[in-house]
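First to last, the protein sequences are chains X and A.
Quick note on our numbering: the first sequence kicks off at 1 and runs consecutively.
Quick note on our numbering: the second sequence kicks off at 1001 and runs consecutively.
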Amino acid sequence: MSANPVVASAGAVSRETRQFAAAFLVMLALIAVAPFVAYPFFVMQALCFALFACAFNLLIGYVGLLSLGHAMFLGAASYVCAHAAKVWGLDPVLAILVGVVCSAVLGFVAGALSIRSQGIYFAMITVALSQMIYFFCVEAPFTHGEDGVQGVPQGRVFGLIDLSQPALLYVFVAVVFLFGFLTVYRAVNSPFGEILKAIRENEPRAISLGYRVQRYKLAAFVLSAALAGLAGATKAIVGQNASLTDVGFAMSGEVVLMTLLGGMGTFYGPVVGAIVVVSMQNYLAQYGQWVTVIQGGVFVACVLAFRRGVVGEIASALKWTSL
Amino acid sequence: MFFGHAITAQQLFGQLLIGLINGSFYALLSLGLAVIFGMLNVVNFAHGALYMMGAFVAYFLLHEFGLNYWWALIGAPLIVGAFGALIERTLLVRLRGLDPLYSLLLTFGLALMIQGLFQNEFGASGMPYAIPPQLAGAHNLGFMFLPNYRAWVIGFSAFVCFATWFVIEKTRIGAYLRAATENPTMTRAFGLNVPRMITLTYGFGVGLAALAGVLAAPINQVRPGMGVDIIAVVFAVVVIGGMGSILGSIITGFTLGVVEGLTKVFYPEASNTVVFVIMAVVLLIKPAGLFGKVA
């Protein structure tokens, strides 16, 4: 949906890498400083949502697929991870892994069903599928319905690192986030990513060049679902719970808002968007439903006047193409 | 098949009736979506919110202006339809020629705003709307009691759906609309005001949603959340029927309502998900939907 130059000369690549690296250092510094400035729990939540938005952006920004049901991956992994850690007593890393695998499998099934349709059909199918998962979570016994899974133990990573210590938990979440963020960067800047962008720009052409477009789209969808799952599972460990909020339709809408506001098809856009949206919810919480109204207003404003998003506008002003 | 409990005829016909009622709303809503999509290539995400507005307008007309149900049946679609036309004229028109995903996101944002504003004002709980006295009471059909109002909703919805189909497929106005859908530039060259047709079409589709809202008001309560609850199911109905097929959306709407009702009798745990499961199966077999032409 946004126009990124797909081809770049060898000299330009190194400059773009330097720009990306400069921004990355700034982000690292901010992550290091953040817990001393803001409430650490809030920062960790924001990082989880930022990862969720990066996963979503992989589809909308680089394949041009708008998924309006991404909460199903966040929520499913969150529930499974919470259940694995609490009931099965798994190590947090293993519990997160189980959650991620579950989301990836769900992503494979949902992707196989929806990927054959394009554009708005794709969007509507993802809405319906995620609603199905939502009702499943309402009914299934292990999710405990309206109560959700409470009191998830944070446990020790490999039996050594105690995540119930806030500082260690923060480092753990930051590492998970950076891992997910760099996975997206790596995937987009690989031959695989180039083919995804080619599909976005001109699908019939990519088919005529002999690429099995459906397989590439499905692979991107599964990767996105797995990363969304990583965000959801980590969030379950951070917040020590899993609830219907994570799997509900409002969450699917929020991740679209985060990405749109920050800038679709930019690496840092979803991160910025997630932080803005989460802060907005946090600081405007006492205004109740006005948050929804404001979010709707931001949606409308972004779509009408501001389609490149915050980072997209900055990147285009600086002529930095690889933020 | 063996079911753990005996199912009485009363239960079966009762759920069948509820299914037909829900099917009426699905049909009216998906029909509106199909009409709007056909003309504007816009998936109107605000459809659920506008359906909810229809019910609220009916409520206000009764409690603020003393205008009864029958006035609301005409007034609410007109008022909400005019609101829709305003949205089209001021906002959607700016997105013409862009990727249709943007108009979807715009209507999504509008849905959030409308939803949030009503929730602020009225909270999450429902407000009752009385059944009009002319339609109170019920008929004994021998095997079940048929409340008059419910019979009216089913009959009237079916009438409106088929009238819409007739106008679009069989009349001169419909021919203009279809021409404008097929080739807007050529249609304009023949001297027809295509932008105005687009605005009126959007207003009409929104009006259908509001009409469904008025019909729903005495059955379900008037609640800000009523639109969100129904929109995902309606999307699934549209995907199953095939986008852009007028008759397809009507038939699918009624049928799925009935299927949902029957599921409540035979396997209640699945009644919320059955429509989505059917959608998944249809997508596997016929990706373009049962009545659709192209994916």
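All C-beta atoms, glycine included, are put in the ideal place defined by N, C-alpha and C.
Bear in mind the structure is a predicted one, so any value in this text is a computation, not a measurement.
Under the three-state DSSP convention, the category residue i falls into
i          : result
Arg308(X)  : coil
Tyr1202(A) : helix
Asn1120(A) : helix
Met1(X)    : Note that Met1(X) scores a pLDDT of 45, beneath 50, so its modelled location is shaky and nothing firm can be said.
Asp162(X)  : strand
Met1127(A) : strand
Phe63(X)   : Just to set this straight, residue 63(X) is Val in the shown sequence, not Phe. Of the three classes helix, strand and coil, the one that applies to Val63(X) here is coil, per DSSP.
Ala38(X)   : coil
His1139(A) : strand
Phe1254(A) : helix
Ser9(X)    : Because Ser9(X) sits at a pLDDT of 48, beneath the cut-off of 50, its placement in the model cannot be relied upon, and the point is left open.
Ala301(X)  : helix
Ala1232(A) : helix
Arg1196(A) : helix
Arg156(X)  : strand
Ala242(X)  : strand
Pro92(X)   : helix
Leu1031(A) : helix
Leu1146(A) : strand
Leu1290(A) : coil
Val101(X)  : helix
Val247(X)  : coil
Asn57(X)   : helix
Where residue i meets chain X, residues with beta-carbon distance less than 7 Å
i          : result
Asn1272(A) : Phe135
Phe1235(A) : Met124, Val127, Ala128
Leu1040(A) : Under the 7 Å cutoff, chain X gives no residues; its nearest Cβ is about 11 Å from Leu1040(A).
Reference residue i, options the options, closest by Cα
i          : options                                        : result
Arg116(X)  : Pro1287(A), Trp1152(A), Gly1292(A)             : Pro1287(A)
Asp136(X)  : Ala1046(A), Leu1283(A), Ser1271(A), Ala1076(A) : A quick correction: the sequence has Phe, not Asp, at residue 136(X). Closest option to Phe136(X), Cα to Cα, is Ser1271(A).
Val1281(A) : Ala112(X), Val100(X), Leu47(X)                 : Ala112(X)
Gly1242(A) : Leu1020(A), Asn1022(A), Gln1015(A), Ala1027(A) : Ala1027(A)
Gly1289(A) : Leu1031(A), Ile1240(A), Val1259(A)             : Ile1240(A)
Gln240(X)  : Thr17(X), Ala23(X), Thr126(X), Leu163(X)       : Leu163(X)
Ile1021(A) : Ile1285(A), Gly1213(A), Phe1037(A)             : Gly1213(A)
His1139(A) : Arg1150(A), Tyr1102(A), His1063(A), Tyr1129(A) : Arg1150(A)
Leu1192(A) : Tyr1202(A), Arg1178(A), Phe1204(A), Gly1203(A) : Arg1178(A)
Gln289(X)  : Gly1142(A), Met1113(A), Val1265(A), Pro1195(A) : Met1113(A)
Gly159(X)  : Asp91(X), Tyr121(X), Leu223(X)                 : Asp91(X)
Met258(X)  : Arg307(X), Gly210(X), Ile237(X), Phe221(X)     : Arg307(X)
Ile1095(A) : Ala1136(A), Gln1011(A), Val1043(A)             : Looking at the sequence itself, residue 1095(A) is Leu, so the reference to Ile does not match. Comparing Cα-Cα distances from Leu1095(A) to each of Ala1136(A), Gln1011(A), Val1043(A), the minimum goes to Val1043(A).
Phe142(X)  : Ala242(X), Leu318(X), Ala219(X)                : Ala242(X)
Val1167(A) : Phe1204(A), Pro1218(A), Leu1117(A), Phe1013(A) : Phe1204(A)
Beta-carbon neighbours of residue i, restricted to chain A and to distances below 7 Å
i         : result
Gln289(X) : Gly1116, Gln1119, Asn1120
Gln165(X) : What Gln165(X) touches in chain A: nothing, since even the nearest Cβ is about 39 Å away.
Chain-ordered chain X contacts of residue i [CB-CB under 8 Å]
i          : result
Leu1290(A) : Ordered by position in chain X, no residue passes the 8 Å Cβ test against Leu1290(A), which lies about 14 Å from the chain.
Val1043(A) : Ile120, Ala123, Met124
Contacts that residue i makes with chain A (C-beta to C-beta distance below 8 Å)
i         : result
Leu304(X) : Leu1091, Arg1094, Leu1095, Leu1106
Ser113(X) : It should be pointed out that residue 113(X) corresponds to Leu in this sequence rather than to Ser. Those are Ala1280, Leu1283, Leu1284, listed as they occur along chain A.
Thr292(X) : Leu1112, Met1113, Gln1115, Gly1116, Gln1119
Val300(X) : Leu1091, Leu1106, Gly1109, Leu1110, Met1113
Gly265(X) : Going along chain A, no residue has its Cβ under 8 Å from Gly265(X), so there is no contact; the nearest lies around 12 Å.
Gln286(X) : Residues of chain A passing the Cβ test: none, with the nearest at roughly 13 Å.
Interface partners of residue i on chain A, CB under 9 Å
i         : result
Ser117(X) : Val1239, Leu1283, Pro1287, Ala1288, Ala1295
Interface residues of chain X facing residue i [CB-CB closer than 9 Å]
i          : result
Val1296(A) : Within the shown structure, residues of chain A are numbered from 1001 to 1295, placing residue 1296(A) beyond reach of any answer.
Ala1034(A) : What Ala1034(A) touches in chain X: nothing, since even the nearest Cβ is about 12 Å away.
Hey, is the stretch 20-28 of chain X in contact with the stretch 135-155 of chain X, meaning 3+ C-beta pairs nearer than 8 Å?
no
Would you be able to state if there are at least three C-beta pairs under 8 Å between the stretch 1173-1186 of chain A and the stretch 1006-1015 of chain A?
no
May I ask you to list, following chain order, the residues of the stretch 1088-1099 of chain A that have a beta carbon less than 9 Å from some beta carbon of chain X?
Correct list: Leu1091, Arg1094, Leu1095, Leu1098, Asp1099.
Check whether the stretch 1040-1052 of chain A touches the stretch 1231-1245 of chain A, counting contact only when three or more Cβ pairs, one atom from each stretch, lie closer than 8 Å.
Counting Cβ pairs under 8 Å, three or more are found: they touch.
Contact set between the stretch 239-263 of chain X and chain A, restricted to residues whose Cβ is under 9 Å from the partner
Phe249, Ala250, Gly253, Val256, Leu257, Leu260
For the pair the stretch 1276-1286 of chain A and the stretch 119-139 of chain X, tell me if three or more CB-CB distances fall below 8 Å.
They touch, by the three-pair rule.
Just by C-beta distance, which residues in the stretch 119-131 of chain X are closer than 7 Å to chain A?
Gly119, Ile120, Tyr121, Ala123, Met124, Ile125, Val127, Ala128, Leu129, Gln131
Output, in sequence order along the chain, the residues in the stretch 305-320 of chain X whose CB is closer than 8 Å to any CB in chain A.
Arg307
Compile a chain-ordered list of the residues in the stretch 1238-1258 of chain A whose CB is closer than 7 Å to at least one CB of chain X.
Val1238, Val1239, Met1243
At a CB distance below 8 Å, what residues from the stretch 1162-1194 of chain A approach chain X? Give them in sequence order.
none
Decide if the stretch 206-220 of chain X is in contact with the stretch 73-85 of chain X; the criterion is three or more beta carbon pairs, one per stretch, under 8 Å apart.
Using a Cβ-Cβ distance cut-off of 8 Å, the stretch 206-220 of chain X and the stretch 73-85 of chain X are not in contact, since fewer than three pairs of beta carbons, one from each stretch, lie closer than that value.
What residues in the stretch 54-68 of chain X have a beta carbon less than 9 Å from any beta carbon of chain A?
Ile60, Gly64, Leu66, Leu68
Chain A contacts made by the stretch 206-239 of chain X, where a contact means CB separation under 8 Å
none
Between the stretch 163-178 of chain X and the stretch 250-266 of chain X, do three or more beta carbon pairs fall short of 8 Å?
By the C-beta criterion, the stretch 163-178 of chain X is judged not to be in contact with the stretch 250-266 of chain X, since fewer than 3 inter-stretch pairs fall below 8 Å.
Tell me whether the stretch 34-41 of chain X and the stretch 100-114 of chain X touch, counting them as touching only if at least three CB pairs, one residue from each stretch, are closer than 8 Å.
no
Does the stretch 1080-1095 of chain A come close enough to the stretch 1203-1219 of chain A that 3 or more CB-CB pairs lie under 8 Å?
yes
Give the residues from the stretch 1211-1232 of chain A that approach chain X closer than 9 Å (Cβ to any Cβ), ordered along the chain.
Closer than 9 Å at the C-beta level to chain X, one finds these residues of the stretch 1211-1232 of chain A: Pro1224, Val1228, Ile1231, Ala1232.
Three CB pairs or more closer than 8 Å across the stretch 73-80 of chain X and the stretch 225-237 of chain X
yes
Spell out a yes or no on whether the stretch 1128-1137 of chain A and the stretch 1146-1162 of chain A are touching, meaning 3 or more CB-CB pairs, one atom from each, closer than 8 Å.
yes
Taking only beta carbons into account, state which residues of the stretch 88-109 of chain X come closer than 8 Å to chain A, listed in chain order.
Hits within the stretch: zero.
Check whether the stretch 301-317 of chain X and the stretch 1092-1110 of chain A touch, using three or more Cβ-Cβ pairs below 8 Å as the test.
yes
Given 8 Å, three or more beta-carbon pairs between the stretch 218-226 of chain X and the stretch 1061-1072 of chain A:
no
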